[in-house]
Amino acid sequence: MRTHGWGGRPPSDDAEARDRIIVAAKAVLDRYGPEKTTLADVASDLGVTRQTVYRYFKNTEDLLRAAALSSAAEFLDRLVAHVDDLDDPADILAEAMVWTLDRLPKERYLGVLLAVGHDDAMVRGITSEPARTLGGAILDRFPIDWSALGIDDSDRAELAEVMLRLLVSFVRDPGDPARSGPDLRAFLRRWVGAMLVTGARTGA
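Quick note, the numbering used here runs 506 ahead of the 1-based positions in the sequence shown.
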């Protein structure tokens, strides 16, 4: 880890360096928006070279994705609260998907995942390891008794990936005509419910 620059306060380790780069990226996003944010802007804010930032993030999209996912905890809290009064697992997953599709474009940082100009690279990264980890954390916090459904940790990891892929599909192609509201909710409830039953039976 290089220690020059950094506003005269070099980070103590690589973890702190990554965190500070992400904080700087959010500041640049606030100023310029996702379409005009570059890795060079972030490096300039930190008082380091672009090569220093490249040590931690391979390109601008990688950095923007990390900045977006770093804001996921608060989004997750709101999502869990939104479905907290539901009991049926299929209802919970369907409602979570509908709510996420509605909210994601409006989110200050998570919405960067859908940014114009970065959309292909960003959306491909939504099934990256950090995104899958986030998806698993979301499922873990839902009021669902997974063991009662016969769904173990491995099954749940696969389910998280499937749900992320569904999310990407609806983001990229909402349909013609687009499904929304009660129609989308019923569509997801029907087929996510079937997926839960099939997954549990296969895993048994």
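Every residue, glycine too, gets a C-beta built ideally from N, C-alpha and C.
Please read these numbers as outputs of a predicted model, since none were measured by experiment.
Annotation: the continuous alpha helix (DSSP H) that includes residue 597 extends over 595-609.
The residue from 576, 665, 521 and 690 with its alpha-carbon nearest to that of residue 645 is 665.
In the three-state reduction of the DSSP assignment, residue 681 falls in the strand class. When secondary structure is reduced to three states using DSSP, residue 660 falls in the helix class.
For residue 575, the enclosing alpha helix (DSSP H) covers residues 566-575.
Taking 8 Å as the cut-off, the Cβ atoms of residue 598 and residue 648 count as close. DSSP, reduced to helix, strand and coil, places residue 592 outside both helices and strands of the structure shown, so it counts as coil.
Measuring C-alpha to C-alpha distances from residue 614 to each of 590, 642 and 533 identifies 533 as the nearest.
Residue 532 sits in a helix when the DSSP states are folded into three classes.
If you check the CB distance, residue 548 and residue 569 come in under 8 Å. The straight-line gap separating the alpha-carbon atoms of residue 691 and residue 603 is approximately 8 Å. Per DSSP, reduced to three states, the secondary structure at residue 517 is coil, with no helix or strand assignment. Secondary structure of residue 612 (DSSP, three-state): helix.
Judged by DSSP in its simplified three-state form, residue 544 adopts coil rather than helix or strand.
With respect to the C-alpha of residue 577, the residue from 685, 640, 544 and 650 having the closest C-alpha is 640. Residue 652 is not a Cβ neighbour of residue 638, given a cutoff of 8 Å. Contact between residue 600 and residue 694 holds, with the beta-carbon distance rounding to 4 Å and staying under 8 Å. Under the DSSP assignment, residue 560 falls in the alpha helix (DSSP H) whose first and last residues are 556-560. When the Cα atoms are used, residue 687 and residue 607 turn out to be separated by approximately 10 Å. For residue 651, the secondary structure class from DSSP, reduced to helix, strand or coil, is coil. Measuring C-alpha to C-alpha distances from residue 700 to each of 674, 655, 678 and 660 identifies 655 as the nearest.
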